[in-house]
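Undergrad: Structure provided below as structure tokens; questions to follow.
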Amino acid sequence: MNRIQVDEVIDRAKVSPFHWRILFWCTLIIVFDGYDLVIYGVVLPILMQQWQLDPVTAGALGSTALFGMMVGAMLLGTLADRFGRKKMIVLCVILFSGFTALNGLAQTPLQFGIMRFIAGLGIGGVMPNVVALMSEYAPRRIRSTLVAVMFSGYAIGGMMSASLGIWIVPQFGWQVMFYLAVIPLLLLPVIWSQLPDSVAFLVQQGKTDTARRVLRSLSGQAIADDAVLTVHQPQKTEQSLGALFSHNRALSTLMFFQAFFMCLLMVYGLGSWLPKLMSMAGYGFSSSLMFLLFLNIGGIIGAIGGGWLSDRFHPRPVLMLFFTLAAVSLALLGFKNHVAVLYLLVTVAGATTIGSQILLYAYVAQFYPTAIRSTALGWSSGVGRIGAILGPVLGGALLAMQLSHQMNFLAFVIPGALAVIAIMLTAGRKEAV
């Protein structure tokens with residue numbers, strides 16, 4: 000009887016139109032995911048004026064979506080290992096697209112916060128699931144690169160928010176920015192038809208005919224109708240949260256939690272407050288949004304460049320380098336410089352904070368076995384969301400304390416240093432067994 004090991008076929012496959020299709024749709028989902036998340040930093044200066052928000056209240060309001068992301072990442076990431084990536088991805092799109100669009104109808108900060116929390120469930124839940132799906136279909140030799148390219152859509156979405164905000168908000172109001180988020184909801188039928196579920200999940204569910212068709216499309220090889228597809232069948236204990244701490248994974252799991260926490264604190268603190276910090280330094284609304292635009296341009300450079308480096312070396316040393324550069328660039332941002340130098344520093348900061356976030360997802364996806372991959376990604380990013388929640392709150396607290404411009408940025412250097420230490424203490428294996 001012809002037996003085929005699914006993982007081996009995927010690992011050795013040549014890049015095909017099948018891979019490009021998955022990459023395109025996962026990237027598009029992440030683009031709008033990033034757009035929906037960064038949008039708050041774009042409209043924050045206007046909301047503070049319109050609703051008379053003090054910095055602490057504005058920071059707390061920005062954290063509502065991030066709190067939802069924490070819950071969504073932990074809950075929907077874990078559920079995907081049981082019910083499939085595809086269903087959870089579609090559910091997440093419904094949540095983040097629908098409720099972000101409804102945010103444009105908010106009349107009070109309370110209404111705004113409730114809808115941002117629900118949208119955050121989808122924003123946080125979709126990230127571990129698309130990363131897991133892309134990782135499970137990408138050939139081993141370019142896995143980090145494909146995941147990084149896909150996740151660069153997050154920075155593209157942030158750029159869309161910043162660039163559209165420069166034009167739309169002054170002329171049409173902040174509400175229109177949220178209405179545009181309905182587009183992915185309209186694309187759901189196409190997304191459902193174009194995205195496959197994980198082959199391993201299909202085999203475990205007994206959908207072997209579908210799994211064979213997917214493998215044929217992926218590999219271009221002839222897969223016999225009577226071929227028996229085999230995947231690693233984990234023990235039940237290997238499918239639980241406790242599996243993240245078994246098989247000598249405990250220290251690495253805790254360090255991944257710490258690295259995500261510190262990285263996301265920097266990413267979302269900067270994403271929420273960079274325009275406001277720059278406007279306080281004397282730049283106008285449009286000029287301050289340009290810094291947010293360059294931050295996300297840097298994110299694309301860091302994601303793709305970091306993914307390329309990770310496939311040729313290993314994510315661990317690349318992440319250590321990136322977090323070191325993040326700390327240095329953020330420290331220098333607090334000092335007076337020519338505007339061109341500031342744009343360069345912001346670009347480096349974006350490359351090494353947003354880029355590091357993306358590389359962390361790729362590193363975790365490689366480190367853990369398939370059976371607990373979404374659980375690992377969901378819990379790592381979910382714990383990281385605590386840092387994301389504290390990022391806007393920290394920014395608001397710093398502004399309320401009326402510290403110097405230099406001290407505001409130096410406060411974000413400490414997380415970068417702690418992230419370097421966390422990555423140093425991970426096991427460094429390419430894939431856990």
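Those letters in the sequence shown? Residues 0 to 432, by numbering that gives the first Met the number 0.
Glycine is no exception: its CB is placed at the ideal position from the N, C-alpha and C atoms.
Quick caveat: nothing in here was measured; it's all calculated off a predicted structure.
Which same chain residues end up closer than 8 angstroms to residue 254 when comparing Cβ atoms and leaving out the 5 residues on each side of it in sequence?
TA: The residue given as residue 254 occupies position 255 in the sequence shown. Excluding the 5 residues flanking it on each side, residue 254 has same chain C-beta neighbours closer than 8 angstroms at 421, 422, 424, 425, in chain order.
Undergrad: Could you tell me the distance, in whole angstroms, from the CA atom of residue 85 to the CA atom of residue 334?
TA: Taking the sequence shown and counting its residues from 1, the one referred to as residue 85 is at position 86. Taking the sequence shown and counting its residues from 1, the one referred to as residue 334 is at position 335. Residue 85 and residue 334: Cα-Cα distance of roughly 47 angstroms.
Undergrad: By the 10 Å Cβ neighbour count, where 16 or more other Cβ atoms means buried, how is residue 444 classified, buried or exposed?
TA: The displayed coordinates of the chain run from 0 to 432. Any statement about residue 444 would go beyond what the structure contains.
Undergrad: Residue range of the alpha helix (DSSP H) that residue 110 falls in?
TA: Translated into positions along the sequence shown, residue 110 becomes position 111. Segment 108-136, the alpha helix (DSSP H) holding residue 110.
Undergrad: Short of 7 angstroms in beta carbon distance, which residues of its chain neighbour residue 419, apart from the five on each side in sequence? Order them along the chain.
TA: Walking along the sequence shown from the start, residue 419 turns up at place 420. For residue 419, where only same-chain residues beyond five positions count, the Cβ hits under 7 angstroms are 319, 322, 323.
Undergrad: Taking the alpha carbon of residue 392 as the point to measure from, which residue in 32, 13, 65, 12 has its own alpha carbon closest?
TA: Stepping through the sequence shown from its first residue, residue 392 is reached at position 393. Closest by alpha carbon: 65.
Undergrad: Could you check what DSSP says for residue 248 in three-state terms: helix, strand or coil?
TA: For this step, residue 248 is matched to residue 249 along the sequence shown. Coil, per DSSP.
Undergrad: Could you tell me how far apart the beta carbons of residue 126 and residue 379 are, in whole angstroms, since I believe they sit closer than 8 angstroms?
TA: Residue 126 sits at position 127 when you count from the first residue of the sequence shown. Residue 379 sits at position 380 when you count from the first residue of the sequence shown. Not quite, the Cβ-Cβ distance comes to about 10 angstroms (not below 8 angstroms), so this is no contact.
Undergrad: With a cut-off of 8 angstroms, do at least 3 Cβ pairs link the stretch 21-37 to the stretch 122-137?
TA: yes
Undergrad: Where does residue 257 fall in DSSP's three states?
TA: In the sequence shown, counting from the first residue as 1, residue 257 sits at position 258. Helix at residue 257.
Undergrad: In this structure, does DSSP put residue 14 in helix, strand or coil?
TA: On the sequence shown, position 15 is the one that residue 14 refers to. If DSSP states are grouped into helix, strand and coil, residue 14 belongs with coil.
Undergrad: Pick helix, strand or coil for residue 146, following the three-state DSSP scheme.
TA: Numbered from 1 along the sequence shown, position 147 holds the residue referred to as residue 146. Helix at residue 146.
Undergrad: If contacts are defined as beta-carbon pairs under 8 angstroms, then residue 415 and residue 350 qualify, I think. What distance do you get, rounded to the angstrom?
TA: If you number the sequence shown from 1, residue 415 lands on position 416. If you number the sequence shown from 1, residue 350 lands on position 351. Actually they do not touch by this definition, with Cβ atoms about 13 angstroms apart.
Undergrad: Considering only the beta carbon of each residue, do residue 118 and residue 95 sit closer than 8 angstroms?
TA: Numbered from its first residue, the sequence shown carries residue 118 at position 119. Numbered from its first residue, the sequence shown carries residue 95 at position 96. Result yes, Cβ atoms of residue 118 and residue 95 sit closer than 8 angstroms.
Undergrad: Within its chain, find whatever has a CB closer than 8 angstroms to the CB of residue 78; leave out the 5 residues flanking it on each side and keep chain order.
TA: Here residue 78 corresponds to residue number 79 of the sequence shown, with the count starting at 1. The residues are 87.
Undergrad: In the DSSP assignment, the alpha helix (DSSP H) including residue 182 goes from what residue to what residue?
TA: Position 183 of the sequence shown, counted from the start, is the residue given in the question as residue 182. Unbroken alpha helix (DSSP H) run through residue 182: 182-185.
Undergrad: Rounded to whole angstroms, what's the CA-CA distance from residue 326 to residue 192? Just pull it up for me.
TA: By one-based count along the sequence shown, residue 326 stands at place 327. By one-based count along the sequence shown, residue 192 stands at place 193. So the two alpha carbons sit approximately 43 angstroms from each other.
Undergrad: Verify whether the separation of the beta carbon atoms of residue 108 and residue 186 is less than 8 angstroms.
TA: Indexing the sequence shown from 1 puts residue 108 at position 109. Indexing the sequence shown from 1 puts residue 186 at position 187. For residue 108 and residue 186, no; Cβs fall outside 8 angstroms.
Undergrad: Select from 62, 103, 122 the residue whose C-alpha is nearest the C-alpha of residue 91.
TA: The residue you call residue 91 lines up with position 92 of the sequence shown. Measuring from the Cα of residue 91, the nearest candidate turns out to be 122.
Undergrad: Taking the straight line between their C-alpha atoms, what separation do you get for residue 161 and residue 273?
TA: Position 162 of the sequence shown holds residue 161. Position 274 of the sequence shown holds residue 273. About 12 angstroms.
Undergrad: Would a check of beta-carbon distances place residue 185 closer than 8 angstroms to chain C?
TA: Absent from the structure is chain C; it holds one protein chain and no more.
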